[in-house]
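Here the structure is laid out as structure tokens; the discussion comes afterwards.
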Amino acid sequence: MKILIINGPNLNLLGTREPEIYGSVSMEDYLSELKNEFGADDIFYYQSNIEGELINRLQEENYEAVVINPGAFTHYSYAISDCLKNIRCPKIEVHISNIYKREEFRKKSVTAESCDAVISG
């Protein structure tokens, strides 16, 4: 199964950025674990701080599933939301922290409505 894991802004800093909120495990460590469990040929990873680059990657290939953490784009990117609506595979929005128990502006996800499920925290 061809699965794209895609992360938005600042998620390249996992493991060092605000470890009290996001933990101390790096994305490389997570990916290594996933590839050992599910196979290296099935997991594709992409991260960008640039909205258009995330959209380009989502549109680039036919994945069988998408796991996305849009980062701050969660709260205002109708462009990413529209892109996700046009992808015809299962899509899961994932957040490391519980966005519904954080600052008020983080409680709204405009991208969630374009996904099949949301995991937060």
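Whatever position you read off the sequence shown (first residue = 1), add 1317 for my numbering.
Quick reminder that beta carbons are idealized off the backbone N, C-alpha and C, glycines included.
Once the 5 residues before and after Ile-1397 are set aside, which same chain residues still bring their CB inside 7 Å of it?
These residues qualify, in order along the chain: Glu-1368, Leu-1371, Ile-1372, Pro-1387, Phe-1390, Thr-1428.
Option nearest Leu-1330 by Cα separation, candidates Gln-1364, Asn-1415, Ser-1394
Taking each of Gln-1364, Asn-1415, Ser-1394 in turn and checking the Cα distance to Leu-1330, the smallest one comes out for Gln-1364.
Please list the terminal residues of the continuous alpha helix (DSSP H) segment that includes Ser-1437.
No alpha helix (DSSP H) holds Ser-1437; the beta strand (DSSP E) holding it covers 1434-1437.
Beta-carbon proximity list for Asn-1366, same chain, < 6 Å, skipping 5 on both sides
Within its own chain, the residues whose Cβ lies closer than 6 Å to the Cβ of Asn-1366, once the five positions on either side in sequence are excluded, are Pro-1326, listed in chain order.
Per DSSP, which residues does Val-1384 bridge with? Please list them.
BP columns for Val-1384 point to Ile-1322, Ile-1409.
Taking the DSSP output, what are the residues bridged to Phe-1361?
DSSP links Phe-1361 through a beta bridge to Leu-1321.
Which of the three DSSP states is assigned to Arg-1374 in this structure?
Helix, per DSSP.
If you run the structure through DSSP and keep just helix, strand and coil, what is Ile-1367?
The answer is coil: DSSP assigns Ile-1367 none of H, G, I, E or B.
In or out: Ser-1426 buried (at least 16 other Cβ within 10 Å) or exposed?
Counting the other Cβ atoms within 10 Å of the Cβ of Ser-1426 gives 16 or more, which makes it buried.
Counting C-beta neighbours from all protein chains within 10 Å, is the total for Tyr-1380 16 or more, i.e. buried, or is it exposed?
Flag for Tyr-1380 reads buried.
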